[in-house]
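Colleague: Each residue of the sequence shown is one higher than the last, beginning at 1 in the UniProt record's numbering. Glycine residues also receive a C-beta, built at the ideal position from the N, C-alpha and C atoms.
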Amino acid sequence: MHSGICMLKRKFSTVTTCTTVEPVTGWLKQQSLPNCEETNQVPVDQLGQRLLKKTGISWNKKFRKQHGPLRKFLQLHPQMFLLSTDESTVSLLRNRFTQASSDFQRHREQILHTLASEPPGLSDSTSCPHWFDINDSKVQPIKEKAITQQFQGKESAYMLFYRKAKLQRPSEARANPRYKVPCHLLKEMDAANIQLQMRRAECDSANNNFELHLHLGPHYRFFNGALHPAVSQTESMWDLTFDKRKTLGDLRQSIFQLLEFWEGDMVLSVAKRVPAGLHVYHTLDGDELTLCEAEIADGEDIFVWNGVEVGGVQIQTGSDCEPLLLHILHLEMSGEGSKCEQLVESQHVFPANAEVGTVFTALAIPVGIILTNCGESADDECWSAIPKEDMKKTFREQGLRNGSLILVQDSDSDDNSLLPRQGRWTSSVDELNWLQVKNFCKLESEEEQVQIAATKHTVVFDIRIKAIKELKLMKELAENSCLRPIDKNGKLLCPVPDACTLEEAEVKMGSSLGLCLGKAPTSSQLFLFFALGTDIHPGTEMEVIVEETLSVRDCLKIMLEKSGQQGEMWHLRKMDWCYEAGEPLCEEDAALKELMICSGDTLLLTEGKLPPPGFLKMPIWWYQPAKLTGHYENRDHSNCASSQGSIWGAAPTQGVPGPKPEDVSLFYLGDVEISEEATLVELKSKAMALPSVLKLAVQSTALLRVWTLENKHPSRLLRTDWRQLKEYRLGRKAEICLELLQKEEDLGPRDVLLRTQLRIPGERAYTLAMDLVWDTTRGWTAGSLRQRVADFYSLPVEKIEIAKYFPEKFEWLPISSWNQQVAKRKKKKNQDTLQGGPYYLKDGDTIGIKNLLFDDDDDFSTVRDDIGKENQKQLALGKKKSREVLRAQSSDVLSSAGMPTRPRGPEASLSIHVASFR
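(1) Cys292 by DSSP, collapsed to three states: which one?
(2) According to DSSP, is Lys62 part of a helix, a strand, or is it coil?
(3) Following the continuous beta strand (DSSP E) through Lys438, name the residue where it begins and the one where it ends.
(4) Report buried or exposed for His219, applying the criterion of at least 16 other Cβ atoms within 10 angstroms of its Cβ.
(5) When the Cα of Leu324 is compared with those of Val274, Glu798, Ala192 and Lys684, which residue comes out closest?
(6) Between the Cα of Asp857 and the Cα atoms of Ala876, Ile802 and Thr89, which residue gives the shortest distance?
(7) With the cut-off set at 8 Å, would you say Gly264 and Gly837 are in Cβ contact?
(8) Measure from the C-beta of Arg401 to each C-beta in chain B and report whether the shortest distance is under 8 Å.
(9) How would you label Gly762, buried or exposed, when you count the other beta carbons within 10 angstroms and need 16 or more for buried?
(10) When the Cα atoms are used, what is the spatial distance from Arg883 to Cys321?
(11) Would you call Glu118 buried or exposed, if buried means 16 or more other Cβ atoms sit within 10 Å of its Cβ?
(12) Going by beta-carbon coordinates alone, are Arg464 and Leu517 separated by less than 8 Å?
(13) Using alpha carbons as the reference points, say which of Pro43, Asn353 and Val460 lies closest to Ala499.
(14) Taking Gln41 and Val90 to be in contact with their CB atoms under 8 Å, please state how far apart those CB atoms are, rounded to whole angstroms.
(15) Can you tell me the Cα-Cα spacing of His77 and Val181, whole angstroms?
(16) May I have the straight-line CA-CA distance separating Leu248 from Lys393, to the nearest angstrom?
(17) Kindly give me the distance between the Cβ atoms of residue 969 and Val437, rounded to whole angstroms, as I take these residues to be in contact under 8 Å.
(18) Give me the Cα-Cα distance between Ser417 and Asp410, rounded to the nearest whole angstrom.
(19) Give the DSSP-derived three-state secondary structure of Ala531 in the structure shown.
(20) Please name the residue, chosen from Pro807, Leu877, Phe854 and Gln835, that lies closest to Gly868 on a Cα-to-Cα basis.
(21) Return the CA-CA distance between Ala697 and Asn306, expressed in angstroms with no decimal places.
(22) Which partner residues does Glu547 have in the DSSP bridge list?
(23) Here's a check: name, in chain order, each residue in its chain whose Cβ is nearer than 8 Å to the Cβ of Glu309, leaving out the five neighbours to either side.
(24) Helix, strand or coil: how does DSSP classify Leu214 here?
(25) If we ignore side chains and look at the alpha-carbon of each, how far apart do Pro351 and Glu745 end up?
(26) Mind checking which residues open and close the beta strand (DSSP E) that includes Cys737?
(27) Report yes if the CB atom of Leu526 is closer than 8 Å to the CB atom of Ile406, and no otherwise.
(28) Rounded C-beta distance between Val693 and Leu669? I'm assuming under 8 Å.
(29) Which same chain residues, not among the five before or five after Arg245, have their C-beta less than 7 Å away from its C-beta?
(30) Apart from the five residues just before and just after Ser524, which ones in its own chain have a Cβ nearer than 8 Å to its Cβ?
(31) Would you call Ser88 buried or exposed, if buried means 16 or more other Cβ atoms sit within 10 Å of its Cβ?
(32) Specify the secondary structure class of residue 921 as computed by DSSP and reduced to three states.
(33) So, with DSSP's three-state summary, where would you put Asn209?
(34) Given this structure, state the Cα-to-Cα distance separating Arg788 from Ile302, to the nearest angstrom.
(35) Hey, would you say Leu363 sits closer than 8 Å to Ser384, going by beta carbons?
(36) Find out if the Cβ-Cβ distance for the pair Leu92, Met80 is shorter than 8 Å.
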């Protein structure tokens with residue numbers, strides 16, 4: 001099939017051509033070039049050699065610079081030379097040159113007269129046709145009437161028409177390739193071009209685009225040694241399709257445009273998922289580098305943050321501090337006055353560059369022995385002790401990796417306990433060949449607990465029957481009892497199936513089991529814990545056995561009936577590992593098995609009906625800023641309840657007199673259920689329809705300012721009434737607060753709303769807060785803000801000082817161009833921005849103004865700031881003492897059936913969420 005066929009129609013201006021080429025053609029005549037009457041034509045590839053042999057001068061040396069290659073010269077002058085069909089041979093045309101070279105001057109006028117009187121290209125002789133068929137491999141003449149038959153059938157891909165560039169055309173045809181082309185051909189060409197462009201775009205996208213996973217720093221929290229999503233994985237990670245040929249600067253700019261809510265510095269770092277969570281490795285520097293040059297691969301995880309901290313916790317980056325998830329085995333007393341020990345396994349996360357001795361700190365053990373296992377399980381006899389001099393080495397230097405097993409031995413353990421001898425572990429874990437079974441049947445028995453000899457291959461049914469006999473209980477319990485593991489906090493876990501062995505049931509030798517009433521669930525049933533409300537502690541849950549094919553709606557009904565609750569305004573939530581309410585089970589018709597609900601999971605009965613798919617249910621609060629002298633203060637979260645009439649309390653602000661707590665209020669108005677497709681003004685209208693808002697007599701939605709609420713603080717200002725709620729990416733846990741305005745406002749995308757307060761001369765206090773709108777079109781510079789504040793208060797710009805207030809620290813930071821830190825990015829335009837550190841200026845921030853004409857000291861603080869800092873110091877000191885007492889008592893705590901000592905899941909390590917203390 002031909003890839004392309006061209007039709008060339010030649011027209012020549014002989015008047016201008018013959019005068020320049022006549023000496024050349026005469027010279028060729030002198031070299032005895034045969035005419036078309038001679039039988040032997042000259043091969044074109046031998047013509048140059050013949051000329052060189054007869055004259056001693058080659059064509060390239062004499063004429064190539066002016067007339068080009070010899071073959072091209074012959075093609076451009078068909079009125080003088082006749083090429084064969086395949087252009088392999090050439091001869092002179094008949095009656096063109098019949099005289100010798102001495103007759104050139106006399107014959108020149110005759111040739112000019114003849115060529116001028118006969119228009120070129122109009123002769124229909126077969127020797128010099130008007131049209132030429134230019135195919136991929138050959139060029140041959142073709143008659144005009146044969147064109148329609150030539151380009152038919154499947155072998156014709158496309159056909160191109162050429163005309164001479166110097167052809168005289170009308171003025172309207174200049175620079176217009178569509179001139180006098182039939183309409184049906186234009187439409188056909190346009191459609192073909194559009195389809196070709198679409199195919200090229202698809203091919204370009206497939207070859208050069210790849211997926212990037214953006215992990216947003218504000219949606220993550222650092223706990224248990226790694227980064228974890230604060231809400232859900234879908235809301236914390238966004239997928240971005242990007243061209244790998246673009247630069248890092250283009251990627252940064254695209255992310256800035258995508259994240260409209262972003263405030264402050266933006267740092268892009270490469271992150272990877274490890275068993276402990278998400279870890280940040282290195283920062284992407286060099287905005288001029290392409291993604292390929294930066295070695296960014298398809299599906300790369302990019303962490304978007306400020307480069308310093310996440311949720312108030314400073315983050316260590318790099319492969320040296322990669323978090324390692326280690327399995328730690330520790331011998332503990334089984335409780336209830338018994339001298340038997342049980343082997344407890346827990347998971348802990350440590351940085352790879354941390355010292356091995358930090359294991360003792362995590363387990364609250366002052367000193368001991370650490371043994372590592374080179375095998376794949378605790379049963380392998382490959383234990384070896386770490387010498388004391390190696391305790392200062394890091395986990396990576398010791399060869400530990402994710403999933404490694406560590407056995408920790410107290411130094412004051414009994415002599416008959418598992419101890420290393422001569423640096424090697426000589427006793428196997430299988431030497432703990434017993435289980436402790438406690439009586440939880442609430443029946444009178446001489447024995448409260450017994451020890452049952454067993455191996456890891458013993459069937460659970462045999463252990464249960466033997467325990468009933470040794471506890472001297474009724475034989476009827478054999479048909480209506482089960483064994484349930486007991487964790488170190490004394491909580492009864494999911495029953496163990498009778499048909500399983502201890503190894504299959506993952507019951508460790510030396511652990512404790514409880515003999516309880518009731519049958520164990522079958523293979524098609526689920527044993528679930530459930531509780532009412534959200535303030536749940538381990539050991540207070542209720543239990544239920546349901547089929548795994550049961551729907552969420554039917555499971556909810558069973559749990560409501562068993563807990564004695566009525567009504568349909570309830571839904572289920574799954575409890576996470578730290579005993580906090582997780583995501584709701586929205587698919588009420590889905591089976592428990594489809595939602596990955598397993599035996600032993602805890603579900604929460606939460607009041608409130610779930611909104612339908614595509615709808616949001618948001619609590620609405622009424623926000624009233626401070627009315628008296630002062631500024632915002634860190635609020636007490638315990639004063640906030642999710643019921644109507646609850647008030648967001650605040651301590652008195654600085655100055656004398658200070659406002660009472662109720663002067664700064666956050667009132668709960670009710671819940672609003674609204675579609676994600678609705679606009680912001682529709683949300684305002686729905687909020688105004690609440691009974692609590694009707695009493696406030698709000699005249700118009702334009703007089704309401706909308707904020708999002710985070711930790712009971714106004715966080716993000718929602719502007720642009722016509723935008724849909726889904727564009728704000730609020731999430732399912734979003735809370736909204738409304739603020740009443742005195743007059744309508746229309747904030748643009750570049751406007752920043754600030755609370756400004758003028759300091760009272762001679763006093764450590766401030767006047768009433770006033771809203772100031774700052775247009776940042778010309779940049780987020782300190783000079784621009786100072787000028788705007790000076791114009792607002794009608795003060796000379798050189799006679800004022802301004803500072804931003806940080807209520808969580810009770811500190812004021814002066815804003816001036818000379819003490820502002822340089823941003824981390826290399827771009828000069830970002831070096832003087834208040835969006836970045838250390839100010840991180842955003843909507844709703846408080847700005848203090850000092851008039852240097854009356855008050856020239858450098859202090860911006862107030863009396864209340866001094867009191868707040870002192871309270872924070874005392875609070876930190878109290879927490880430190882509490883941790884020391886807990887660490888001292890933790891080694892003496894024995895597992896028992898009593899109430900748990902801390903509201904944490906048994907499988908989780910102690911973690912501190914910094915944001916919860918602000």
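Modeller: If we stick to the structure as given:
(1) Within the sequence shown, the letter at position 292 stands for residue 292. Coil, per DSSP.
(2) Locating residue 62 in the sequence shown gives position 62, where the first residue counts as 1. The answer is helix: DSSP assigns Lys62 an H, G or I state.
(3) Along the sequence shown, one-based indexing puts residue 438 at 438. Here the beta strand (DSSP E) through Lys438 covers Trp434 to Asn439.
(4) Counting from 1 along the sequence shown, the entry for residue 219 is found at position 219. Its Cβ being crowded by 16 or more others within 10 Å, His219 is buried.
(5) For the purposes of this step, residue 324 is taken as residue 324 along the sequence shown, with counting starting at 1. For Leu324, the nearest C-alpha among the options comes from Val274.
(6) As a position in the sequence shown, residue 857 is number 857, starting the count at 1. It is Ile802.
(7) By one-based count along the sequence shown, residue 264 stands at place 264. By one-based count along the sequence shown, residue 837 stands at place 837. Cβ atoms of Gly264 and Gly837: closer than 8 Å.
(8) Looking at the structure shown, chain B is missing, and only one protein chain is on hand.
(9) Taking the sequence shown and counting its residues from 1, one reaches residue 762 at position 762. Answer is exposed; the Cβ neighbour count stays below 16.
(10) By 1-based counting over the sequence shown, the position of residue 883 is 883. By 1-based counting over the sequence shown, the position of residue 321 is 321. Taking the straight line from one Cα to the other gives about 25 Å.
(11) If you number the sequence shown from 1, residue 118 lands on position 118. Note that Glu118 scores 42 on pLDDT, short of 50, meaning its location in the model is unreliable and no value can be drawn from it.
(12) Taking the first residue of the sequence shown as position 1, residue 464 is located at position 464. Taking the first residue of the sequence shown as position 1, residue 517 is located at position 517. No, the pair does not count as a contact, with Cβ atoms beyond the cut-off.
(13) As a first step, residue 499 must be located in the sequence shown, where it is residue number 499. Minimum Cα distance to Ala499 is reached at Val460.
(14) In the sequence shown, residue 41 corresponds to position 41, counting from 1. In the sequence shown, residue 90 corresponds to position 90, counting from 1. The pair is a contact, with the Cβ atoms about 6 Å apart (cut-off 8 Å).
(15) Stepping through the sequence shown from its first residue, residue 77 is reached at position 77. Stepping through the sequence shown from its first residue, residue 181 is reached at position 181. Rounded to whole angstroms, His77 to Val181 spans 30 Å at the Cα level.
(16) Here the question's residue 248 lines up with position 248 in the sequence shown. Here the question's residue 393 lines up with position 393 in the sequence shown. If I take the Cα positions, the gap works out to 38 Å.
(17) Residue 969 is absent from the model: the chain starts at 1 and stops at 918.
(18) In the sequence shown, the residue the question calls residue 417 occupies position 417. In the sequence shown, the residue the question calls residue 410 occupies position 410. Because the pLDDT at Ser417 is just 40, under 50, the model does not fix this residue reliably, and the point stays unresolved.
(19) Residue mapping note: residue 531 aligns to position 531 of the sequence shown, counting from 1. Reduced to three states, the DSSP call for Ala531 is strand.
(20) Your numbering for residue 868 matches position 868 in the sequence shown. The candidate whose alpha carbon is nearest that of Gly868 is Pro807.
(21) Position 697 of the sequence shown, counted from the start, is the residue given in the question as residue 697. Position 306 of the sequence shown, counted from the start, is the residue given in the question as residue 306. Rounded to the nearest angstrom, the two C-alpha atoms are 43 Å apart.
(22) The residue given as residue 547 occupies position 547 in the sequence shown. According to DSSP, which records beta bridges pairwise, Glu547 is partnered with Gln525.
(23) Taking the sequence shown and counting its residues from 1, one reaches residue 309 at position 309. Answer for Glu309: Ile315, listed in chain order.
(24) Locating residue 214 in the sequence shown gives position 214, counting from the first residue. DSSP places Leu214 in strand when its eight states are reduced to three.
(25) In the sequence shown, residue 351 corresponds to position 351, counting from 1. In the sequence shown, residue 745 corresponds to position 745, counting from 1. So the alpha carbons of these two residues sit roughly 51 Å apart.
(26) Here residue 737 refers to the residue found at position 737 when the sequence shown is read from its first residue. Its beta strand (DSSP E) spans residues Glu735 to Leu740.
(27) Taking the sequence shown and counting its residues from 1, the one referred to as residue 526 is at position 526. Taking the sequence shown and counting its residues from 1, the one referred to as residue 406 is at position 406. The answer is no: Cβ separation not under 8 Å.
(28) To locate residue 693, count along the sequence shown from 1; it is residue 693. To locate residue 669, count along the sequence shown from 1; it is residue 669. Indeed they touch by this definition, with Cβ atoms about 6 Å apart.
(29) Position 245 of the sequence shown, counted from the start, is the residue given in the question as residue 245. Excluding residues within five positions, the ones whose Cβ falls inside 7 Å are Asn208 and Thr290.
(30) Reading the sequence shown from its first residue, position 524 is the one you call residue 524. Within the same chain, Ser524 has close Cβ partners Glu547, Glu548 and Thr549.
(31) As a position in the sequence shown, residue 88 is number 88, starting the count at 1. Flag for Ser88 reads exposed.
(32) Coverage of the chain is limited to positions 1 through 918, which leaves residue 921 absent and any answer about it impossible.
(33) Counting from one through the sequence shown, the residue named residue 209 turns up at place 209. The answer is strand: DSSP assigns Asn209 an E or B state.
(34) For the purposes of this step, residue 788 is taken as the residue at position 788 of the sequence shown. For the purposes of this step, residue 302 is taken as the residue at position 302 of the sequence shown. The alpha-carbon atoms of Arg788 and Ile302 are separated by roughly 37 Å.
(35) Taking the sequence shown and counting its residues from 1, the one referred to as residue 363 is at position 363. Taking the sequence shown and counting its residues from 1, the one referred to as residue 384 is at position 384. No, these two residues do not count as a Cβ contact at 8 Å.
(36) Counted from its first residue, the sequence shown places residue 92 at position 92. Counted from its first residue, the sequence shown places residue 80 at position 80. The answer is yes: Cβ separation under 8 Å.
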